[in-house]
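A short write-up of the structure that comes next.
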Amino acid sequence: MNDCSQINIDSELQANKKIVLAGNPNVGKSIFFNYLTGIYVSVSNYPGTTLDISSGKMGDAAVYDTPGVYGVGSINDEERVARDFIMSADIIINVVDASHLERDLFLTQQLIDLDKKIIVALNMMDEVEKNNISIDLENLEKELGVPVIPTTAAKNRGLDRVRDSIDSAVKGNSIFSNNSNLGQKLNNIRTAVKNTADALMILEEDENIRCNYPELQNIPDLREEIYTARRQRVDQITNSVLTYDQNTGQFARKLGSYMLKPATAIPMLLVLLYFIYQFIGVFIAQTVVDFTEGYIFTDIYEPFVRNIIASSIGFDNFFGQLLAGEYGILTMAVTYIFGLLLPLVAGFYFLLSLLEDSGYLPRIAVLMDRLLQKIGLNGRAIIPMLLGFGCVTMATITTRLLGTKRERIIAIFLLGLAIPCSAQLGVIAGLIAQLDLVYILVYVLTIFAVYVLAGTFLNKVLPGESSDLLIDLPPIRLPDLKNVFNKTYQQTVAFVKEAGPIFVLGAALITVMQKTGLLALITSLAEPVTVNWLGLPAETATAFVMGIIRRDFGAAGLTAIALTPAQVTISLITLTLFVPCIAAMMIMVKERNFKEAVYIWFGSWITAFITGGLVNFLIF
Amino acid sequence: MTLVDMKHGHKFIIDKIEDKDTRLQALRFGISEGSEIECAGSMPGGPVILKKNLQEIAIGRRTAEKISVKKKGMI
């Protein structure tokens, strides 16, 4: 990516006016967007979980929803995307969380300084009342110089007034008009560039915008000076319009602080994990998946497809096998994606959305930060790690939200190595339930030890260090279920679109390997390792080859072989640590690159067999 | 004295934020050198949580060590 790269804004929408919604994360922008355009979209309050821009039409105007940002700049992808939309806007609807004016008005003031026509939707007025804050609306409007409309979007209050007032948007009181020093500097640049917005971003040291004007020389670096002036201005405004009643003790706020005290936070987290396990591990993975995979797809759908294939092209040829054979793209791949993964992924996204919208997730990130720092990550990495237990492929995609390349490499490797996905967990749980507690402990502790050791090792070996946490803690709120369902739907659809084709490709690849005899060859080559080093029967080699293809295949393959409890434990350890499934590998190639994916792949081989062998010789 | 010395309930004034990126990000969140802040919690060996009115932010340990503060009094 070169420095000048800017977003290509969807030009398919024929419109004579561009309206852009802008605001901090989790202020309810999407509710406004849906109200104005009639299309429902995903909302995300945790930085980085969605980068999809929603667009729609309102009359003859195009409306765009942008990622939530704390300021216009180029600190991360969200900001770059939001910036490009904001800079090209004709009118900006700035959605502001009225209970966080000190924070939110920084962006508002910056939008005003960008010389854009603005209307402010002062949202979450219900929380303002609950917290006994009073806001002098008239004065706020006067200080900002733009229309301010109080709303409570979640309860559908004030949305109509915002819609009807869009055309009253005006340019507000810029900090540059009252600061002759900064104002002079802005004017100097202004004459040499397209508009005031560009001039401001250039003074604020935005590399992408500066890059568009290579001819400019000796530009002063004024970001800090401007930010400080803006902060002073915002503090001055909030001081004059806000009155707090500090003594209101509120349940949500107390709950929020209990989530941050280790003595109460850790028990709360454990209770939460237990409910997650009950919901995902028991309800979804067993009850729901038994019905969708076991009944709908295996009993009804697959025989139906096989009948069609049998009566048309038949099974004795390559295409018949490719479409509906053992690894058929119409049978196995479809069952796997829709029968097994879809319920699990939807369940995980549902929980994640609940956690996100309730404001709990950032608090878990704070709680886990210290531990994750030790393996070169920071608190934010808790999201992909949790998601990994659902589907490693899905979790690998969400590592995008991690700050640095180094953190992404560590997270992706650990996901591929030591986090068993739900498909695999289901089969493992079945096998391990028959064992004594001591074997279960050996399994769990070994996997955990490998996870920690591998993380510590990567943290030592990779150059650089983990980035530090700096996050905003949103207030604890009761999530809006409608919003949670919509977000779950959007993200699940996105997952199927992204991972589906890769599962199909993987299935096709296996059929080819099987038909060419490659599968059998690998099985026989692997035998010495399995028998001599791991102390397992020769047939388990097949399970490992299956494991390369799909993780739960491998575990399922074990159920057919007679094994001692020690052998079950060793093979489960080895299989869990063994290579990520083909779909996860392909996503790794896509998200990182081929070289890194191959390193991860062979790294998993080595770790899995060394650990399995060590457990074999040392413990049993 | 730095942020990591602060305990829950302590009120103090931010004296100096060493790292420029942290300084700029904190300015956006509403916290700058000279701000009056309350400590809303601190993970042992982990992040420090700052509170200003209703706004709460969490700052990682290493960054917190590089933010010096002046004490204002305790509750």
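Protein chains in written order, with my numbering: chain A, 889 to 1508; chain B, -4 to 70. In this text, a Cβ means the ideal position worked out from N, Cα and C, and glycines have one as well.
| task | Measuring alpha carbon to alpha carbon, tell me which of A:1054, A:1419, A:1094 ends up nearest residue 1112 of chain A. | result | Position 224 of the first sequence, counted from the start, is the residue given in the question as residue 1112 of chain A. Nearest option by C-alpha distance: A:1094.
| message | Is there a Cβ of chain B sitting closer than 8 Å to that of residue 930 of chain A, yes or no? | response | Residue 930 of chain A sits at position 42 when you count from the first residue of the first sequence. For residue 930 of chain A, the pLDDT reaches just 42, beneath the cut-off of 50, and the residue's location in the model is therefore unreliable, leaving the point undetermined.
| Own chain partners of residue 1177 of chain A with C-beta closer than 8 Å, once the 5 adjacent residues on each side are dropped | Translated into the one-based positions of the first sequence, residue 1177 of chain A becomes position 289. Hits under 8 Å: 1227, 1228, 1231, 1232, 1314.
| field | Limits of the alpha helix (DSSP H) - the one that residue 1410 of chain A falls within | value | The sequence position of residue 1410 of chain A within the first sequence is 522, counting from 1. Run containing residue 1410 of chain A: 1406 to 1416, per the alpha helix (DSSP H) assignment.
| Assuming residue 54 of chain B contacts residue 30 of chain B under a Cβ cut-off of 8 Å, what Cβ separation, rounded to an integer in Å, is found between them? | For the purposes of this step, residue 54 of chain B is identified with residue 59 of the second sequence, where counting begins at 1. For the purposes of this step, residue 30 of chain B is identified with residue 35 of the second sequence, where counting begins at 1. Incorrect: roughly 13 Å between the Cβ atoms, too far for contact.
| field | Sequence-distant residues of the same chain with beta carbon closer than 6 Å to residue 1031 of chain A, five excluded per side | value | Here the question's residue 1031 of chain A lines up with position 143 in the first sequence. Only 1125 meet the Cβ criterion.
| residue 1302 of chain A to residue 1422 of chain A span [Cα, whole Å] | By one-based count along the first sequence, residue 1302 of chain A stands at place 414. By one-based count along the first sequence, residue 1422 of chain A stands at place 534. The alpha-carbon atoms of residue 1302 of chain A and residue 1422 of chain A are separated by roughly 23 Å.
| C-alpha distance - residue 1579 of chain A paired with residue 946 of chain A, whole-angstrom precision | In the structure displayed, chain A extends from 889 to 1508; residue 1579 of chain A sits before or after that span and is not available.
| query | Would you say the region 40 to 60 of chain B touches the region 1252 to 1264 of chain A, given that touching needs at least three Cβ pairs under 8 Å? | reply | yes
| Three-state secondary structure assigned by DSSP to residue 863 of chain A | The requested residue 863 of chain A does not occur in the structure, where chain A is confined to residues 889 to 1508.
| field | Exposed unless 16 or more other CB atoms sit within 10 angstroms - verdict on residue 1344 of chain A | value | Along the first sequence, read from residue 1 onward, the residue named residue 1344 of chain A stands at position 456. When all chains shown are included, residue 1344 of chain A counts as exposed.
| said: Output needed for residue 70 of chain B: all residues of its chain with C-beta closer than 6 Å, excluding positions within five of it in sequence on either side, in chain order. | reply: Against the second sequence, residue 70 of chain B aligns to sequence position 75. Confidence at residue 70 of chain B is low in this model, with a pLDDT of 45, below 50, so the placement of that residue should be treated as unreliable; the coordinate-derived value is given next. Excluding positions up to five away in sequence, the list reads 4.
| said: Alpha carbons only, please: which of A:1003, A:982, A:1051 is nearest the one belonging to residue 926 of chain A? | reply: By one-based count along the first sequence, residue 926 of chain A stands at place 38. The shortest Cα separation from residue 926 of chain A among A:1003, A:982, A:1051 belongs to A:1051.
| message | On the criterion of 16 or more Cβ atoms from any shown chain inside 10 Å, does residue 1005 of chain A qualify as buried, or is it exposed? | response | For this step, residue 1005 of chain A is matched to residue 117 along the first sequence. By the 10 Å Cβ count, residue 1005 of chain A comes out buried.
| query | With a cut-off of 8 Å, does the C-beta of residue 7 of chain B fall near any C-beta of chain A? | reply | Along the second sequence, one-based indexing puts residue 7 of chain B at 12. Answer no: the Cβ-Cβ gap between residue 7 of chain B and chain A never drops below 8 Å.
| message | If I follow the unbroken beta strand (DSSP E) through residue 1349 of chain A, where does it start and stop? | response | As a first step, residue 1349 of chain A must be located in the first sequence, where it is residue number 461. No beta strand (DSSP E) contains residue 1349 of chain A, which is instead part of the alpha helix (DSSP H) from 1325 to 1349.
| field | Residue(s) in a DSSP beta bridge with residue 1185 of chain A | value | What you label residue 1185 of chain A is simply residue 297 of the first sequence in a count that begins at 1. Note: residue 1185 of chain A sits in no beta bridge, so no partner.
| Residue range of the unbroken beta strand (DSSP E) whose run includes residue 907 of chain A | Indexing the first sequence from 1 puts residue 907 of chain A at position 19. From DSSP, the beta strand (DSSP E) with residue 907 of chain A extends over 905 to 911.
| message | Pop quiz: residue 960 of chain A and residue 1002 of chain A are said to be a contact at Cβ under 8 Å. What is the actual Cβ separation, rounded to whole angstroms? | response | The count along the first sequence starts at 1 and reaches residue 960 of chain A at position 72. The count along the first sequence starts at 1 and reaches residue 1002 of chain A at position 114. The Cβ separation is near 7 Å, so the contact holds.
| Based on Cα-Cα distance, which residue from A:1081, A:974, A:909 lies nearest to residue 1009 of chain A? | Translated into positions along the first sequence, residue 1009 of chain A becomes position 121. Among A:1081, A:974, A:909, the Cα nearest to that of residue 1009 of chain A is on A:909.
| said: Assuming residue 1456 of chain A and residue 1333 of chain A are in contact, meaning their beta carbons sit under 8 Å apart, how far apart are those beta carbons, in whole angstroms? | reply: As a position in the first sequence, residue 1456 of chain A is number 568, starting the count at 1. As a position in the first sequence, residue 1333 of chain A is number 445, starting the count at 1. Not confirmed; about 16 Å, so no contact.
| Run through DSSP, which three-state label would residue 1293 of chain A get? | Within the first sequence, the letter at position 405 stands for residue 1293 of chain A. Helix, per DSSP.
| Considering only residues of the same chain and omitting the five flanking positions on each side of residue 1359 of chain A, which have a CB-CB separation below 8 Å? | On the first sequence, position 471 is the one that residue 1359 of chain A refers to. Same-chain partners within the cutoff: 935, 1250, 1253, 1254, 1267, 1268.
| said: Please state the DSSP three-state secondary structure of residue 997 of chain A. | reply: Walking along the first sequence from the start, residue 997 of chain A turns up at place 109. Residue 997 of chain A: helix per DSSP, three-state reduction.
| task | Can you pull the chain A residues whose beta carbon is under 8 Å from the beta carbon of residue 52 of chain B, in chain order? | result | Position 57 of the second sequence holds residue 52 of chain B. 1358, 1359, 1360, 1361, listed in chain order.
| task | Could you please tell me which residues of the region 1093 to 1126 of chain A, in chain order, have their CB closer than 7 Å to any CB of chain B? | result | 1111, 1112, 1115, 1116, 1119
| Own chain partners of residue 1357 of chain A with C-beta closer than 6 Å, once the 5 adjacent residues on each side are dropped | Taking the first sequence and counting its residues from 1, one reaches residue 1357 of chain A at position 469. For residue 1357 of chain A, where only same-chain residues beyond five positions count, the Cβ hits under 6 Å are 1257, 1266, 1267.
| said: Looking at the strands, I want to know which residues DSSP matches up with residue -3 of chain B. | reply: Position 2 of the second sequence, counted from the start, is the residue given in the question as residue -3 of chain B. Bridge partners of residue -3 of chain B: B:63.
| said: Classify residue 1403 of chain A: buried if its beta carbon has 16 or more other beta carbons within 10 angstroms, exposed otherwise. | reply: As a working mapping, residue 1403 of chain A is identified with position 515 in the first sequence. With fewer than 16 Cβ atoms within 10 Å of its Cβ, residue 1403 of chain A is classed as exposed.
| Closest Cβ-Cβ distance between residue 47 of chain B and chain A: below 8 Å? | In the second sequence, residue 47 of chain B corresponds to position 52, counting from 1. So yes, residue 47 of chain B belongs to the interface.
| Can you tell me the Cα-Cα spacing of residue 1197 of chain A and residue 1408 of chain A, whole angstroms? | Looking up residue 1197 of chain A in the first sequence gives position 309. Looking up residue 1408 of chain A in the first sequence gives position 520. Whole-angstrom Cα-Cα distance: 26 Å.
| request: Could you check if residue 1324 of chain A is buried or exposed, using at least 16 other CB atoms within 10 Å of its CB as the buried criterion? | output: In the first sequence, counting from the first residue as 1, residue 1324 of chain A sits at position 436. Per the 10 Å Cβ criterion, exposed.
| said: I want to verify the contact list: residues of chain B whose CB lies under 8 Å from the CB of residue 1318 of chain A, in sequence order. | reply: Start at 1 with the first residue of the first sequence, and residue 1318 of chain A comes out as number 430. Those do not exist, as residue 1318 of chain A stays about 37 Å from chain B at its closest Cβ, beyond 8 Å.
| So what's residue 1271 of chain A in DSSP terms, helix, strand or just coil? | Position 383 of the first sequence, counting from 1, holds the residue named residue 1271 of chain A. Helix, per DSSP.
| request: May I ask which residues mark the beginning and end of the beta strand (DSSP E) holding residue 1104 of chain A? | output: Position 216 of the first sequence holds residue 1104 of chain A. Counting along the chain, residue 1104 of chain A falls outside any beta strand (DSSP E), and DSSP gives it neither H nor E.
| query | Using 8 Å as the Cβ pair cut-off and three pairs as the minimum, do the region 1062 to 1072 of chain A and the region 1036 to 1043 of chain A touch? | reply | no
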